[in-house]
Structures are given as structure tokens and as C-alpha cells.
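Student: Numbering (the numbering used here), first residue to last: 101 to 586.
Below you will find the structure I want to go over with you.
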């Protein structure tokens, strides 16, 4: 398997596509106005303790108070020993250093822990633990033992008395020099954090994780990665500086993409993102999936559709279910679906067929970076699974409840449509020689272009050297727009 990473950077947002064997597998999106919080460390203030829920609300300076459970504070207990009551662990008004482990989602605030962790290229440093762990994705006991022994020895050499480490997947096969360099980097970072913890006031940020374009270098580069293409020269320069300093061994993988064709058109990423917002996913055989996201869970229904097979009904059903497994696992990653997921495969009579479908599901999920747990087939013929969710799904980031249909469906947000307008203008500018542009769009989109996005519009006009005018088209829906060349 080979993989490429495409990085599309604009002043408004950064988008990253992970492509494996020519097919888009995952999309990462970070908007400058709403950056993800996972990994950030805050000095918070306890605003409310809830004994009935064994949890507390913490003010970390966000719009909504964040949430912490007793299990995310009481880390020193022995296995099977009950957690201490929340009221003995924290009190109202208390300052508490916490880290975000889940972004705010829907009406829920961020989820927190007091077990801090700071990642580097090969290691994750845990200042409150002495445990040394190895990523489950590193196979072979010999390699796992070697890595544990190396970290233990380096820890003694660097005189790190308190603090544990987890060796990340990228650590497989690396030597003492790389591990020691990472330890020194993490020591410096934590020393700075300790100073900030002492000096900071409550509800302030102590540590922010790297921006998405640098996290790509730190977290997504693997042994099978062939190229990381970045379409912004300025961002490419920043990534080069970062990689030269911390990851010189992979610097040859990064390249600047100056092509006239938009980088996300190389592998039809834009098309795949549009398809990922649809309920229906076609299978090559003629069958299809129906994917429904709700507040409580996601359901995926498999249907034979037009596929009639060549032998008998059982064989047709089995082949459709096998094909559906591969597509389901790709859609889980592409749409970033998490939480409880119910898979409704077509009923199979043959017990061996059911076992093969289940085995193939588990095998395909091994490629997924997010942890998942799969049950067997239930009495109703359903497969229940969970997939760890730390950020919003692609649908929730790109769309909102439709005011026209009173929440029964979804539509792209004005912000998403504005960015599509910007990309369309850049696309037209590359293809044609125009004097100016006129954008026809809905009232909501034009209002946003003239208000919240006005500085981005000014930057775009300066970049292309041509004026852009906007006109409201009353009959247009929120997703409709036209760019007219003048």
C-alpha cells in the first residue's frame, strides 16, 4: 500500500486529504476561526460539581463550560478499586490544569482530563505517570521489547525521574539518537509549561497543539508515505523549517505544488467530499449503502439494489456484504463517523458467510487510526460497533440544519459556500483572463461575504489584482451561487 498526502492552504482554512492507493481515505479540515481544541492545555476553574453524575464543569474560557468525569481526575487508583467521589477530588472555585480530549460537539462542551500528554514525532510524554507503553500498531515482541528498553535507558540518562512515555507507531525501527532527541524536545516543552502553570491565571491557555499543516508532518507521515504535496509556498517554507529541525529524515517527502490545477482536483477530492455528504453510497456491484447520522448513533444499511449475481441468492447477498465492508470502513474514515455505529448487513443464512464478513470487517478496521470495537452479529442480524470520536464528523463541520425543511435535512453553511466562491474565483482566474468578477448568491452568503469574510475578500482581490462585486439573487438557495466573468 502506498499513500500520498495533499495539503490545501488558503487564508481561511487548511484542508488535508490522505490518499491510499489512489483513493481518498480521510479528510482533515481546520478553519482559522474555529480551530480544534484537542491536545490544548488550559488552567481552568471549577464552576460546578455534580455528585450525582460524578463529574464537574470547568470554565476554560470557552463559550460553553467544559466537562470532566471523576475517572479523568482519579488516575492513581488500583484496578477494580472504585473511583473516589468527585466532591473529594475537586471543589467549586478551584484552579485546575486540564487537557482537552474531545472537541465541543453539538450542544456538548469539551471533554477534559487532568492526565496531561505532550506528543512529539516518536513519543508521547505523560508527566503524571511513570508508565512506558508501545503503540499497538507496532508488531513483534522483539521490537516492542527493544523500544521499551531503549526508552528506559534514555530516561535514566536524561535524568527524567518522573514522567512516562508512549512510543508512537512512527517509532518502529528508530534508534537511540532519535529517541533521545525527542526526549530533550519534550523536556524543554514541559519546562516551559511548568512556568506557565505557575504564572497563568485561571481560564487561560497554557499550551496549544500545532496547526494542522504541522500536525500532518508529526502525525500522518508513515513508512508507506510517498509524497506530501503542499499548494502554499509560505506554508511549505514553514513546514520545511519544522521538519528540518525535528524530522530531517523525512524532508525529501515534502514538495511544493505550484500547478495551475487545484491540488484537490488531482485525486477528485472535492467530488469525494461532496459524495460524503450524501445519504446514499453506490457499490460497484450495483448495491448501495444508506448512511444516517443521528445524535445518538449512526446507522448503515446495506442493500443489494440492482445486483442480481450469477449463481444464487445467498451468493449474491454474501458478495454484496463483502463489498459493503470495504466501502463502510472507507466511509467511516472519510466522514469521520464516531460513537455508536449499527451495521445492518443483508441477512445471511450460511454461518461461514457471516464469519467471513465479520473477519473482513475487523481486518479493514485495522487500517483505521481511530480505535474501534466490534461485536458479533446480534440476534437481529446487526453488527454493533463503536469508533472513537475526538472531533466533529465531516457532515457536522460542512453542513447545518436546513431552515427551509425545519431540520429534517441539512445544507452547507454560508461560511462553506463563501469558501467555495473563493475557490471558484481562483479556478476561473487560472483559466481565463478577466477584468473583474460578479458573484450572484443568496442573501445569507452575500451578507457574510460583505461582513465576516470582508477581509478575506480584500486579500483575494489583492492576490488576483481584480475587483469582485456581489449581488443578491433572491431565488437562489443558500448553496447556490454563480461567478460571472466581466
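Quick reminder that beta carbons are idealized off the backbone N, C-alpha and C, glycines included.
Computed from a predicted structure; not experimentally measured.
Quick one: what does DSSP say residue 471 is sitting in, helix, strand or coil?
Tutor: Looking at residue 471 - three-state DSSP - the assignment turns out to be coil, as it is neither helix nor strand.
Student: From the DSSP output, in three-state form, read off residue 418 for me.
Tutor: Note: residue 418 maps to helix in three-state DSSP.
Student: Smallest Cα separation from residue 498: which of 130, 108, 110, 106?
Tutor: Nearest C-alpha to residue 498: 130.
Student: Return the residue from the list 127, 175, 186, 419 that minimises the CA-CA distance to residue 450.
Tutor: Checked all of 127, 175, 186, 419; the closest Cα to residue 450 is 419.
Student: Taking all protein chains shown into account, do 16 or more other C-beta atoms lie within 10 angstroms of the C-beta of residue 136, making it buried, or fewer, making it exposed?
Tutor: By the neighbour-count rule (16 or more Cβ atoms within 10 Å), residue 136 is buried.
Student: Would residue 457 and residue 504 be called neighbours here (beta carbons separated by less than 8 Å)?
Tutor: The answer is no: Cβ separation not under 8 Å.
Student: To the nearest angstrom, how far is the alpha carbon of residue 291 from that of residue 319?
Tutor: Residue 291 and residue 319: Cα-Cα distance of roughly 23 Å.
Student: Threshold first: 4 residues or longer. Then list the alpha helix (DSSP H) segments lying entirely within the stretch 528-581, N to C.
Tutor: If we require 4 residues or more, the alpha helix (DSSP H) runs fully inside the stretch 528-581 come out as 543-550, 554-564.
Student: Alpha carbon to alpha carbon, what distance is there between residue 252 and residue 232?
Tutor: Those two C-alpha atoms are separated by around 8 Å.
Student: Rounded to the nearest angstrom, how far is the Cβ of residue 428 from that of residue 390, given a contact under 8 Å?
Tutor: Wrong, their Cβ atoms sit about 11 Å apart, outside the cutoff.
Student: So, residue 536 versus residue 488, is the Cβ gap smaller than 8 Å?
Tutor: In this structure, residue 488 does not lie closer than 8 Å to residue 536 by Cβ.
Student: I'd like the span of the beta strand (DSSP E) that includes residue 256, first residue to last.
Tutor: Element bounds for residue 256: not the beta strand (DSSP E) but the alpha helix (DSSP H), 241-257.
Student: Buried or exposed: where does residue 242 fall if 16 or more other Cβ atoms within 10 Å of its Cβ makes it buried?
Tutor: Exposed is the call here.
Student: Checking the sheet assignment: what are the DSSP bridge partners for residue 208?
Tutor: Partner(s): 205.
Student: Taking all protein chains shown into account, do 16 or more other C-beta atoms lie within 10 angstroms of the C-beta of residue 106, making it buried, or fewer, making it exposed?
Tutor: When all chains shown are included, residue 106 counts as buried.
Student: Roughly how many angstroms separate the alpha carbons of residue 486 and residue 441, rounded to a whole number?
Tutor: So the two alpha carbons sit approximately 6 Å from each other.
Student: Residues in the same chain with beta-carbon distance under 7 Å from residue 347, minus the five sequence neighbours each way, listed in chain order, please.
Tutor: The residues are 221, 317.
Student: Can you name the residues that DSSP bridges to residue 485?
Tutor: Beta-bridge pairing links residue 485 to 441, 474.
Student: Would you mind sorting residue 516 into buried or exposed? The rule is 16 or more other CB atoms within 10 Å of its CB.
Tutor: Answer is buried; the Cβ neighbour count reaches 16.
Student: When you compare only the Cα positions, how much space is there between residue 539 and residue 576?
Tutor: Their Cα atoms are separated by approximately 12 Å.
Student: Using the C-alpha atoms, what's the distance from residue 296 back to residue 371?
Tutor: Each residue's alpha carbon lies about 45 Å from the other.
Student: Can you tell me where the alpha helix (DSSP H) with residue 346 in it begins and where it stops?
Tutor: Its alpha helix (DSSP H) spans residues 333-346.
Student: So what's residue 412 in DSSP terms, helix, strand or just coil?
Tutor: Reduced to three states, the DSSP call for residue 412 is coil.
Student: Based on DSSP bridge pairs, tell me the residues matched to residue 393.
Tutor: BP columns for residue 393 point to 398.
Student: Closest to residue 586 by C-alpha separation, out of 574, 573, 568, would be which residue?
Tutor: Nearest C-alpha to residue 586: 568.
Student: Run through DSSP, which three-state label would residue 65 get?
Tutor: Outside the shown range of the chain (101 to 586) lies residue 65, about which nothing can therefore be said.
Student: On a CA-only basis, which of 154, 402, 369, 126 is nearest residue 383? Give me that one, please.
Tutor: Closest by alpha carbon: 402.
Student: Do you know offhand how far residue 437's Cα is from residue 398's?
Tutor: Each residue's alpha carbon lies about 8 Å from the other.
Student: Which term fits residue 529, buried or exposed, when burial requires 16 or more other beta carbons within 10 angstroms of its beta carbon?
Tutor: Residue 529 is buried by the Cβ-count criterion.
Student: Beta carbon of residue 476, beta carbon of residue 445: below 8 Å?
Tutor: No, these two residues do not count as a Cβ contact at 8 Å.
Student: If you compare alpha carbons, which of 191, 248, 298 is closest to residue 275?
Tutor: The candidate whose alpha carbon is nearest that of residue 275 is 248.
Student: Could you check which residue in 166, 192, 322 has the C-alpha nearest to that of residue 147?
Tutor: Out of 166, 192, 322, 192 has the C-alpha closest to the C-alpha of residue 147.
Student: Please identify the residue among 413, 369, 238, 268 whose C-alpha is closest to the C-alpha of residue 117.
Tutor: Closest option to residue 117, Cα to Cα, is 369.
Student: Going by the CB atoms, is the gap between residue 321 and residue 330 shorter than 8 Å?
Tutor: Contact flag unset, no.
Student: Taking the beta carbon of residue 413 as the centre, do at least 16 other beta carbons fall within 10 Å, making it buried, or is it exposed?
Tutor: That one is exposed.
Student: If we count the other Cβ atoms within 10 Å of its Cβ and call it buried at 16 or more, is residue 563 buried or exposed?
Tutor: Residue 563 is exposed by the Cβ-count criterion.
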